[in-house]
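The structure appears below as structure tokens.
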Amino acid sequence: MRTWLRQHRQAIAAAFGKLAAQKSAALLNALVIGIALSLPAGGYAVLFSLRQVTLGATLEPQLSVFLRAEAKRAEADALGARLKGDARVGEARFVSREQALKELQATEGLAEVVAALNRNPLPDAFVVRPKAAPGADGASLDALARDLRALPGVAHVQVDSAWARRLGALAGTARLAVALLAALLAFGLVAITFNTIRLQILTQRAEIEISKLIGATDAFIRRPFFYLGALQGLTGGLLALAILGGSLAALNVGVAELAASYGSGFRLTFLAPGDALAVVLFSAGLGWFGAYLSVSRYLLEIEPK
Amino acid sequence: MTCSHSSPATSQRPWLISFSGVVKCYPGGQEALKGVSFSIGPGEFAFIAGHSGAGKSTLLKLIPAIERPSAGAILVNGQNVGSLKRHALPYLRRNLGLVFQDQKLLYDRSVYDNVMLPLAFGELGAREAAGRARAALEKVGLLAREKANPTQLSGGEQQRLAIARAVVNRPSVLIADEPTANLDADSAASILEIFAAFNQVGVTVLVATHDEALIGRFATLVLRLAKGSLVE
Ligand SMILES: Nc1ncnc2c1ncn2[C@@H]1O[C@H](COP(=O)(O)OP(=O)(O)O)[C@@H](O)[C@H]1O
Ligand SMILES: [Mg+2]
């Protein structure tokens, strides 16, 4: 156990020594890794920030059924009863035109506009939430909207959540793109580490071959290179976070302005601590893996079978 | 684990090397050994003599399984090393002190660090390892040069450094390939004195040489190779 600890300590020291011995090259590699990883990490951060927004909006489909302006309250009651009787409707909430105006008045920047109106231009309406049917899709929602449009007294039916669904679908595609990018760059990271370690091995070929001849185990030979690969990946991961943090801060200057013009406090947020840690560990793990492939191949080369 | 990691120089366990019907064909059809059989007992000082190309180096490389035999059995301390698994090789090699024909020193570090190399993967703590390294350098008369770079050493001194590295793990067997090849008579004699000193304390010594004059009073066994076969 003590031998084991000592040998690991020595391997880590050796890895740091090698990093220090070729500072600029190692740093450059870590920087390449950092830049590469900051791209999917950035994509993830942006998507994560947007998700907060789309979650705030109702993703559950919802229909607004506007009545004709001249419709009487009795007509509205009759329509309400029809809606509640429809098997596809889960909930139908009546919003009177007075109530709608009040809500509009409460909306930022619209109070003056509403005050300037001399009469209420808004119709009565029902907010309809379809029954959550398994397998319900856009088509069944559109069918429901079409049927409701045909009811007496109805002026207009609006599928409210269409934009949210579209955004959701778009976000799904973007997530897939980010995942693909991450996978590609992970592959690249392994290749970079593989190459660095291979070059490092070549500079130490004599030591490795002699060590093997006089009784070093493969594990002993591999260890410092594992640490070197992992250390390079770790540094790259940390650099990726730094690049991401800097970029988000810079982007947020513009984003804040844009969001403020919409009366929103929206900002691009940095990765959650767990996600940030995952980026660093993932990067270190890939570095380790690249080193593993590189050393294993070399050891098989000098001592086949 | 099936193998011992360290055995003292004054070995209680008998180390025995025995070849029976060993054939070695290199890829390309070259038959370097053509059915060689012999045994070397513990504590022996054995010479392998023969002209260049006779197969001496090949024979020595078979013992630590640097080369594998094409046929026949090679027993080292009861283990058939010809069929030893890759992962078992390090433990075999740690019990054999190897002095290579080209010495295989590392010229990017000091004399002391060269001797420390085999101790890095051994089981000794740092202080004990340092003590061992100095003791080994002392035995070959190089302690005063521990901070020097191997390139600053003479041919004889480099050979002695190679011997120090070979014995630092206190092997039971010391194997040297042409250790005096490029040395003058005095240096060659002092190298042999060093081997004799280790042999005195129980280390089995196996030396390959093309120089018959070297085989002097110390030899307890002489194997003569010619074109891959033992003669006489
Ligand atoms: N790695 C090798 N590949 C092919 N042939 C080899 C190799 N090593 C040695 N030989 C051949 O095997 C024969 C014996 O070589 P070697 O064992 O080095 O002899 P010695 O050490 O007695 O001079 C020689 O003919 C040599 O050319
Ligand atoms: Mg030879």
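Residue numbers (the working numbering), protein chains in the order written: chain Z, 1 to 305; chain R, 1 to 232.
Even glycine gets a Cβ: it sits at the ideal position worked out from N, Cα and C.
Original post:
Terminal residues of the continuous beta strand (DSSP E) containing PHE126/Z?
Top reply: By 1-based counting over the first sequence, the position of residue 126/Z is 126. Taken as a continuous stretch (DSSP letters only), the beta strand (DSSP E) holding PHE126/Z covers 125-130.
Original post:
Apart from the five residues just before and just after SER229/R, which ones in its own chain have a Cβ nearer than 6 angstroms to its Cβ?
Top reply: The sequence position of residue 229/R within the second sequence is 229, counting from 1. Hits under 6 angstroms: LYS34.
**OP:** Report yes if the C-beta of LYS61/R is less than 6 angstroms from at least one heavy atom of ligand 2; otherwise report no.
**Re:** Position 61 of the second sequence, counted from the start, is the residue given in the question as residue 61/R. Taken from the Cβ of LYS61/R, every heavy atom of ligand 2 lies 6 angstroms or farther away.
**OP:** Please confirm if PRO150/R has its CB atom under 7 angstroms from at least one CB of chain Z.
**Re:** Residue mapping note: residue 150/R aligns to position 150 of the second sequence, counting from 1. Residue contact check for PRO150/R against chain Z: no CB pair falls below 7 angstroms.
Subject >> Alpha carbon of THR58/Z to alpha carbon of GLN232/Z, nearest angstrom >> reply: The residue labelled residue 58/Z in the question sits at position 58 within the first sequence. The residue labelled residue 232/Z in the question sits at position 232 within the first sequence. Interpretation of THR58/Z is limited by its pLDDT of 48, a score under 50 that renders its predicted location unreliable; no figure is taken from the coordinates.
**OP:** Would you check whether ligand 2 has a heavy atom nearer than 6 angstroms to the C-beta of SER57/R?
**Re:** As a first step, residue 57/R must be located in the second sequence, where it is residue number 57. True, at least one ligand heavy atom lies under 6 angstroms from that Cβ.
**OP:** Quick one: list the residues of chain R neighbouring SER211/Z, beta-carbon separation under 9 angstroms, in chain order.
**Re:** Taking the first residue of the first sequence as position 1, residue 211/Z is located at position 211. Residues of chain R passing the Cβ test: LEU117, PRO118, ALA120, PHE121.
Original post:
Taking three-plus beta-carbon pairs below 8 angstroms as touching, is the stretch 219-226 of chain Z in contact with the stretch 67-79 of chain Z?
Top reply: no
Original post:
Taking the alpha-carbon positions, what's the GLN7/Z to ILE163/R distance?
Top reply: Stepping through the first sequence from its first residue, residue 7/Z is reached at position 7. Stepping through the second sequence from its first residue, residue 163/R is reached at position 163. Approximately 25 angstroms between the Cα atoms of the pair.
Original post:
How about the stretch 213-223 of chain R and the stretch 64-72 of chain R: do they share at least three Cβ pairs that are nearer than 8 angstroms?
Top reply: no
Subject >> With 16 other Cβ atoms within 10 Å as the buried cut-off, status of ASN26/R >> reply: Counted from its first residue, the second sequence places residue 26/R at position 26. At residue 26/R the sequence reads Tyr, which differs from the Asn that was named. Result: exposed.
Subject >> Given PRO90/R as reference, the closest of ALA65/R, ASP102/R, ASN80/R, GLN103/R once Cα atoms are compared >> reply: In the second sequence, counting from the first residue as 1, residue 90/R sits at position 90. It is ALA65/R whose Cα lies nearest to the Cα of PRO90/R.
Original post:
Under a CB-based cut-off of 7 angstroms, is ARG214/Z close to chain R?
Top reply: Residue numbering aside, residue 214/Z sits at position 214 when the first sequence is read from its first letter. The question names Arg, yet the displayed sequence has Ile at residue 214/Z. Interface residue, yes.
**OP:** Give me the Cα-Cα distance between GLU103/Z and ARG88/Z, rounded to the nearest whole angstrom.
**Re:** Taking the first residue of the first sequence as 1, we reach residue 103/Z at position 103. Taking the first residue of the first sequence as 1, we reach residue 88/Z at position 88. So the alpha carbons of these two residues sit roughly 28 angstroms apart.
Original post:
the stretch 172-192 of chain R: which residues have C-beta closer than 9 angstroms to a C-beta of chain Z, in chain order?
Top reply: none
**OP:** Within its chain, find whatever has a CB closer than 6 angstroms to the CB of GLY290/Z; leave out the 5 residues flanking it on each side and keep chain order.
**Re:** In the first sequence, residue 290/Z corresponds to position 290, counting from 1. Hits under 6 angstroms: VAL190, THR193, PHE194, GLY229.
Original post:
Is any heavy atom of ligand 1 found at a distance shorter than 6 angstroms from the C-beta of GLU53/R?
Top reply: Here residue 53/R is taken as the residue at index 53 of the second sequence, counted from 1. Contrary to the premise, residue 53/R reads as Gly rather than Glu in this sequence. Yes, Cβ of GLY53/R sits closer than 6 angstroms to a heavy atom of ligand 1.
Subject >> Neighbourhood of ALA125/Z by C-beta distance below 7 angstroms, restricted to the same chain and skipping five residues each side >> reply: Reading the first sequence from its first residue, position 125 is the one you call residue 125/Z. Taken in chain order, the residues that qualify are SER64, VAL65, PHE66, LEU67, VAL95, ALA100.
Original post:
Roughly how many angstroms lie between the CA atoms of ARG297/Z and LYS85/R, to the nearest whole one?
Top reply: Translated into the one-based positions of the first sequence, residue 297/Z becomes position 297. Translated into the one-based positions of the second sequence, residue 85/R becomes position 85. So the alpha carbons of these two residues sit roughly 18 angstroms apart.
Original post:
Can you list the alpha helix (DSSP H) stretches of 4 or more residues lying completely in the stretch 29-68 of chain R, in chain order?
Top reply: The qualifying runs are 56-62.
**OP:** Kindly indicate if chain R contains any beta-carbon less than 7 angstroms away from that of GLU207/Z.
**Re:** The sequence position of residue 207/Z within the first sequence is 207, counting from 1. True, the Cβ-Cβ gap to chain R drops below 7 angstroms.
Original post:
Do you know offhand how far VAL307/Z's Cα is from LEU277/Z's?
Top reply: Here chain Z comprises residues numbered 1 to 305, so residue 307/Z is not present and cannot be evaluated.
Subject >> Whether VAL111/R touches GLU138/R by CB criterion (7 angstroms) >> reply: Position 111 of the second sequence, counting from 1, holds the residue named residue 111/R. Position 138 of the second sequence, counting from 1, holds the residue named residue 138/R. No. Outside cutoff.
Original post:
The alpha helix (DSSP H) with SER190/R in it runs from where to where?
Top reply: As a working note, residue 190/R is residue 190 in the second sequence. Taken as a continuous stretch (DSSP letters only), the alpha helix (DSSP H) holding SER190/R covers 185-200.
Subject >> the stretch 244-256 of chain Z in contact with the stretch 194-212 of chain Z per 3-pair CB rule at 8 angstroms >> reply: no
Original post:
chain Z beta carbons: is any one of them nearer than 7 angstroms to that of LEU106/R?
Top reply: Taking the second sequence and counting its residues from 1, one reaches residue 106/R at position 106. At least one chain Z Cβ lies under 7 angstroms of LEU106/R.
**OP:** Answer yes or no: does any C-beta atom of chain Z fall closer than 7 angstroms to that of ILE17/R?
**Re:** For the purposes of this step, residue 17/R is taken as residue 17 along the second sequence, with counting starting at 1. Not an interface residue.
Subject >> Contacts of PHE226/Z in chain R (Cβ-Cβ under 7 angstroms) >> reply: Against the first sequence, residue 226/Z aligns to sequence position 226. Near PHE226/Z there are no residues of chain R at all, since even the closest Cβ is about 15 angstroms away, more than 7 angstroms.
Subject >> Separation of ASN95/R from LEU143/R, as counted between CA atoms >> reply: Along the second sequence, one-based indexing puts residue 143/R at 143. Along the second sequence, one-based indexing puts residue 95/R at 95. If I take the Cα positions, the gap works out to 24 angstroms.
**OP:** Name, in chain order, the residues that DSSP records as bridge partners for GLY97/R.
**Re:** Locating residue 97/R in the second sequence gives position 97, where the first residue counts as 1. Paired residue(s): LEU174/R.
**OP:** Note down the Cα distance separating ILE214/Z from PHE121/R, rounded to an integer number of angstroms.
**Re:** The residue labelled residue 214/Z in the question sits at position 214 within the first sequence. The residue labelled residue 121/R in the question sits at position 121 within the second sequence. If you take the alpha carbons of ILE214/Z and PHE121/R, they lie about 10 angstroms apart.
Subject >> Contacts around ALA136/R, its chain only, beta-carbon distance under 8 angstroms, and the 5 residues preceding and following it disregarded >> reply: Numbered from its first residue, the second sequence carries residue 136/R at position 136. So the list reads VAL115, ALA164, ARG165, VAL167, VAL168, once near-sequence residues are dropped.
Subject >> Three-state secondary structure assigned by DSSP to LEU206/R >> reply: Indexing the second sequence from 1 puts residue 206/R at position 206. Correct three-state label for LEU206/R: strand.
Original post:
Can you list the residues of chain Z that ARG93/R reaches, using a CB-CB cut of under 9 angstroms?
Top reply: In the second sequence, counting from the first residue as 1, residue 93/R sits at position 93. The answer, in chain order, is LYS212, LEU213, ILE214, GLY215, ALA216.
Original post:
So LEU247/R is in the beta strand (DSSP E); what residue range does that whole segment cover?
Top reply: Nothing about residue 247/R can be reported from this structure: the residues present for chain R run from 1 to 232 only.
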